[in-house]
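>
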Amino acid sequence: MHCTARLAEMLDEYSAELHKCSVHTKNFMVNEIEVLQETKGIELPNTLPHTAFLTILQKVEEISKLPRDFVEKVWAYIEYVVISVLNQYSENYHQLQLFIRRAAKKLVGKMKDRSIDWVTENVQMEKGTDYTCNPGYMKEWHALLAQQPKFFDAIVDGCHQVKIEGFGDVQVGHLREFELILPQAFDFKMRVIAYWNVVLMRMVDNMALHLQLSIRNLVSREIENVNNELVGSPDGLIERMLEEPPSVASKRERLNTSIKLLKESQEVMANIIDKIEIGGH
Numbered sequence: 001m002h003c004t005a006r007l008a009e010m011l012d013e014y015s016a017e018l019h020k021c022s023v024h025t026k027n028f029m030v031n032e033i034e035v036l037q038e039t040k041g042i043e044l045p046n047t048l049p050h051t052a053f054l055t056i057l058q059k060v061e062e063i064s065k066l067p068r069d070f071v072e073k074v075w076a077y078i079e080y081v082v083i084s085v086l087n088q089y090s091e092n093y094h095q096l097q098l099f100i101r102r103a104a105k106k107l108v109g110k111m112k113d114r115s116i117d118w119v120t121e122n123v124q125m126e127k128g129t130d131y132t133c134n135p136g137y138m139k140e141w142h143a144l145l146a147q148q149p150k151f152f153d154a155i156v157d158g159c160h161q162v163k164i165e166g167f168g169d170v171q172v173g174h175l176r177e178f179e180l181i182l183p184q185a186f187d188f189k190m191r192v193i194a195y196w197n198v199v200l201m202r203m204v205d206n207m208a209l210h211l212q213l214s215i216r217n218l219v220s221r222e223i224e225n226v227n228n229e230l231v232g233s234p235d236g237l238i239e240r241m242l243e244e245p246p247s248v249a250s251k252r253e254r255l256n257t258s259i260k261l262l263k264e265s266q267e268v269m270a271n272i273i274d275k276i277e278i279g280g281h
């Protein structure tokens, strides 16, 4: 139970870290305006180029280190738990503990490598495709987009800051020179904000599902490999544990010799006593 609770805490910390690294208020809309200008082509007015959205999604790479660091942190914790439990159950078999620790580290290392590969693949998927069936995306985008009139009024009135509900205060003084592209850029930015929240949610939810499955497989299947390696180890660890140490074998041999000598002495003494008794008669 303690392990499960700790993993839940770690996931909450991971989610908070992702959101902390995804601040949209700095240089508000500047990146979106630059991308729109770079991807401008022959198209209908106010149409958002798909390539522009995919360009923005490359920012996933900026946070790709977080999920990788997280899985390394989680598997380090799992390795500690696994080795602690195995040591507890093998405390009376000191010959086994070194082998068990080595096998457990090797197994957890393999599971960690799988998770890192999985994380890398997920980051690439998020960079290459913009898709969600989450209805919350459209709902949030429309709610943000509905504030466009207030946003433009603030710029026209010469305000340097405007509050966007559900998002926060943003600086807008630097946007006046981009008046012609502002409607498209604002729409673009609101789409990015709404979709980015979906991306972050996916990264946390999928991480939780992946780790749960990996840990379940570790307990139900993979840990059996430790037992198989133990039984089938080329070093013959189990067989050597059943063998007597040389010192014990030597003592046992000396004891058997002593017992044999005592028996022989007993027989000699019995013969002597018999002869004495016969002579006495």
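In full-length UniProt numbering, the protein residues as written are 1 to 281.
Ideal placement from N, C-alpha and C gives every residue a C-beta, glycine not left out.
#1: Helix, strand or coil, according to DSSP, for ASP169 in the structure here?
#2: Check GLN147 in the structure and name its three-state DSSP category.
#3: Grab me the residues of ARG68's own chain with a C-beta within less than 8 Å of its C-beta, minus the 5 sequence neighbours each way, in chain order.
#4: Would GLU62 and VAL192 be called neighbours here (beta carbons separated by less than 8 Å)?
#5: Check whether the segment 94 to 112 and the segment 210 to 229 are in contact - that is, three or more C-beta pairs closer than 8 Å.
#6: Quick one: using the 10 Å Cβ neighbour count with 16 as the cut-off for buried, is VAL170 buried or exposed?
#7: Inspect the CB distances between the segment 123 to 143 and the segment 193 to 211 and report whether three or more fall short of 8 Å.
#8: Rounded to the nearest angstrom, what separates LEU213 and LYS110 at their Cα positions?
#9: Output the distance between the C-alpha atoms of GLU13 and LYS189, rounded to the nearest integer angstrom.
#10: Assign LYS175 to buried or exposed, taking buried as 16 or more other Cβ atoms, counted over all protein chains shown, within 10 Å of its Cβ.
#11: In chain order, which continuous runs of the alpha helix (DSSP H) of length 4 or greater are located wholly inside the segment 39 to 104?
#12: ASN217 to GLU126, Cα distance in whole Å?
#13: Leaving aside the five residues before and after HIS50 along the sequence, list all residues of the same chain whose C-beta is less than 7 Å from its C-beta, in chain order.
#14: Exposed or buried, VAL156, counting other C-beta atoms within 10 Å across all chains shown (16 or more means buried)?
Well, looking at it:
#1: Locating residue 169 in the sequence shown gives position 169, where the first residue counts as 1. ASP169 falls in the strand class under three-state DSSP.
#2: What you label residue 147 is simply residue 147 of the sequence shown in a count that begins at 1. Three-state result, GLN147: coil.
#3: Residue numbering aside, residue 68 sits at position 68 when the sequence shown is read from its first letter. Cβ within range, chain order: ILE116, VAL119, THR120.
#4: As a first step, residue 62 is located in the sequence shown; it is residue number 62 there, counting from the start. As a first step, residue 192 is located in the sequence shown; it is residue number 192 there, counting from the start. No, the Cβ-Cβ distance between GLU62 and VAL192 is not below 8 Å.
#5: yes
#6: On the sequence shown, residue 170 is found 170 positions in, with the first residue counted as 1. Its Cβ being crowded by 16 or more others within 10 Å, VAL170 is buried.
#7: yes
#8: As a first step, residue 213 is located in the sequence shown; it is residue number 213 there, counting from the start. As a first step, residue 110 is located in the sequence shown; it is residue number 110 there, counting from the start. Their Cα atoms are separated by approximately 15 Å.
#9: Reading the sequence shown from its first residue, position 13 is the one you call residue 13. Reading the sequence shown from its first residue, position 189 is the one you call residue 189. Those two C-alpha atoms are separated by around 27 Å.
#10: Position 175 of the sequence shown holds residue 175. At residue 175 the sequence reads Leu, which differs from the Lys that was named. LEU175 comes out buried.
#11: 50 to 57, 65 to 89
#12: Within the sequence shown, residue 217 is the residue found at index 217, counting from 1. Within the sequence shown, residue 126 is the residue found at index 126, counting from 1. In this structure, the CA atom of ASN217 is about 26 Å from the CA atom of GLU126.
#13: For the purposes of this step, residue 50 is taken as residue 50 along the sequence shown, with counting starting at 1. Closer than 7 Å at the Cβ level, and outside the excluded window around HIS50, lies no residue.
#14: Mapped onto the sequence shown, residue 156 falls at position 156. Of the other Cβ atoms in all chains shown, fewer than 16 fall within 10 Å of the Cβ of VAL156; this residue is therefore exposed.
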